[in-house]
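> This structure is in C-alpha coordinates; I'll ask about it shortly.
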Amino acid sequence: MVTEAAKKNHITVNGQVAKPSKEVFPGDKITFRKDQITQIISVLDVPPNRVGAKLVDMYRKDETPAEAFEHLELMKLAKEHYRKTGEGRPTKKDRRDLDEYGNEIPETDWDS
1122 MVTEAAKKNH
1132 ITVNGQVAKP
1142 SKEVFPGDKI
1152 TFRKDQITQI
1162 ISVLDVPPNR
1172 VGAKLVDMYR
1182 KDETPAEAFE
1192 HLELMKLAKE
1202 HYRKTGEGRP
1212 TKKDRRDLDE
1222 YGNEIPETDW
1232 DS
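The working numbering numbers the first residue of the sequence shown as 1122 and each following residue consecutively.
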(Lines of atoms letter the chains of each structure in order from A and count residues from 1; the text may use other names and numbers.)
(Lines give C-alpha, C1' and ligand atoms only; values in the text may rest on other atoms or scores of the structure.)
Protein backbone atom coordinates (compact mmCIF):
# COMPACT_ATOMS: atom_id res chain seq x y z
CA MET A 1 0.00 0.00 0.00
CA VAL A 2 2.75 2.45 0.93
CA THR A 3 4.83 1.45 -2.09
CA GLU A 4 1.90 2.23 -4.40
CA ALA A 5 1.40 5.62 -2.75
CA ALA A 6 5.09 6.41 -3.15
CA LYS A 7 5.03 5.40 -6.82
CA LYS A 8 2.07 7.74 -7.37
CA ASN A 9 4.00 10.64 -5.73
CA HIS A 10 1.60 10.86 -2.76
CA ILE A 11 4.34 10.78 -0.11
CA THR A 12 6.85 13.55 0.55
CA VAL A 13 9.90 13.61 2.81
CA ASN A 14 11.00 17.10 3.84
CA GLY A 15 8.87 18.61 1.07
CA GLN A 16 10.32 16.45 -1.73
CA VAL A 17 8.49 13.59 -3.44
CA ALA A 18 9.80 10.27 -2.12
CA LYS A 19 10.44 7.07 -4.04
CA PRO A 20 9.76 3.69 -2.36
CA SER A 21 13.48 3.17 -1.67
CA LYS A 22 13.98 6.58 0.00
CA GLU A 23 15.93 6.35 3.24
CA VAL A 24 14.72 8.43 6.16
CA PHE A 25 16.83 9.85 8.96
CA PRO A 26 16.07 11.27 12.41
CA GLY A 27 14.53 14.73 12.08
CA ASP A 28 12.85 14.08 8.70
CA LYS A 29 9.20 15.03 8.24
CA ILE A 30 7.06 12.62 6.23
CA THR A 31 3.81 13.96 4.77
CA PHE A 32 1.11 11.77 3.23
CA ARG A 33 -2.63 11.79 2.68
CA LYS A 34 -4.79 9.13 4.32
CA ASP A 35 -8.58 9.17 4.82
CA GLN A 36 -8.83 12.72 3.43
CA ILE A 37 -6.35 13.99 6.03
CA THR A 38 -2.86 15.23 5.26
CA GLN A 39 -0.83 13.60 8.01
CA ILE A 40 2.60 14.77 9.16
CA ILE A 41 4.99 12.36 10.89
CA SER A 42 8.40 13.28 12.35
CA VAL A 43 11.09 10.62 12.50
CA LEU A 44 12.62 10.63 15.99
CA ASP A 45 15.02 7.74 15.49
CA VAL A 46 15.57 4.78 13.18
CA PRO A 47 15.42 1.36 14.90
CA PRO A 48 18.42 -0.96 14.39
CA ASN A 49 16.15 -3.85 13.25
CA ARG A 50 12.49 -4.46 12.60
CA VAL A 51 10.18 -3.77 15.53
CA GLY A 52 6.60 -4.70 16.33
CA ALA A 53 3.70 -2.37 15.68
CA LYS A 54 3.38 -1.51 19.37
CA LEU A 55 6.95 -0.16 19.48
CA VAL A 56 6.76 2.03 16.37
CA ASP A 57 5.47 5.03 18.36
CA MET A 58 8.84 5.20 20.15
CA TYR A 59 10.50 6.13 16.85
CA ARG A 60 7.97 8.60 15.41
CA LYS A 61 5.91 11.60 16.45
CA ASP A 62 2.55 12.43 14.90
CA GLU A 63 2.38 16.18 14.19
CA THR A 64 -0.95 16.17 12.36
CA PRO A 65 -3.04 19.15 13.51
CA ALA A 66 -6.06 18.26 15.65
CA GLU A 67 -8.29 20.36 13.38
CA ALA A 68 -7.76 17.84 10.58
CA PHE A 69 -9.23 15.02 12.67
CA GLU A 70 -12.11 17.24 13.79
CA HIS A 71 -12.85 18.06 10.14
CA LEU A 72 -12.91 14.34 9.29
CA GLU A 73 -15.30 13.68 12.17
CA LEU A 74 -17.62 16.46 10.99
CA MET A 75 -17.60 15.02 7.46
CA LYS A 76 -18.57 11.59 8.80
CA LEU A 77 -21.41 13.07 10.85
CA ALA A 78 -22.65 15.05 7.86
CA LYS A 79 -22.76 11.92 5.71
CA GLU A 80 -24.68 10.01 8.39
CA HIS A 81 -27.16 12.84 8.77
CA TYR A 82 -27.87 13.05 5.05
CA ARG A 83 -28.30 9.34 4.42
CA LYS A 84 -27.82 6.51 6.88
CA THR A 85 -25.24 3.87 6.05
CA GLY A 86 -26.65 0.88 4.21
CA GLU A 87 -29.75 2.58 2.80
CA GLY A 88 -28.36 2.66 -0.74
CA ARG A 89 -29.24 5.20 -3.37
CA PRO A 90 -32.08 7.68 -2.82
CA THR A 91 -35.43 6.63 -4.21
CA LYS A 92 -37.43 8.77 -6.61
CA LYS A 93 -39.60 9.94 -3.70
CA ASP A 94 -36.49 10.90 -1.71
CA ARG A 95 -35.18 12.97 -4.62
CA ARG A 96 -38.52 14.73 -5.04
CA ASP A 97 -38.64 15.52 -1.32
CA LEU A 98 -35.12 16.97 -1.51
CA ASP A 99 -36.03 19.10 -4.53
CA GLU A 100 -39.15 20.44 -2.80
CA TYR A 101 -37.36 21.15 0.47
CA GLY A 102 -35.86 24.48 -0.61
CA ASN A 103 -38.83 25.60 -2.70
CA GLU A 104 -41.30 26.03 0.16
CA ILE A 105 -42.18 29.71 0.61
CA PRO A 106 -44.18 30.65 3.69
CA GLU A 107 -47.36 32.57 3.00
CA THR A 108 -47.37 36.01 4.66
CA ASP A 109 -49.73 38.94 4.47
CA TRP A 110 -47.65 41.60 2.69
CA ASP A 111 -50.41 44.24 2.66
CA SER A 112 -50.53 44.73 6.42
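C-beta: ideal position from N, C-alpha, C; glycine also.
(1) Rank Glu1194, Ala1127 and His1192 by C-alpha distance to the C-alpha of Lys1139 and give the top, closest one.
(2) Sort out for me which residues DSSP pairs Lys1150 with in a bridge.
(3) Would you list the one or two residues that DSSP bridges to Asp1183?
(4) So the beta strand (DSSP E) Val1134 belongs to, where does it begin and stop?
(5) Rounded to whole angstroms, what's the CA-CA distance from Lys1129 to Thr1212? Just pull it up for me.
In short, the structure shows the following:
(1) The sequence shown places Ala at residue 1139, rather than the Lys named in the question. Checking every option, the nearest Cα to that of Ala1139 belongs to Ala1127.
(2) Ser1163
(3) Ile1162
(4) Ile1132 to Val1134
(5) 38 Å
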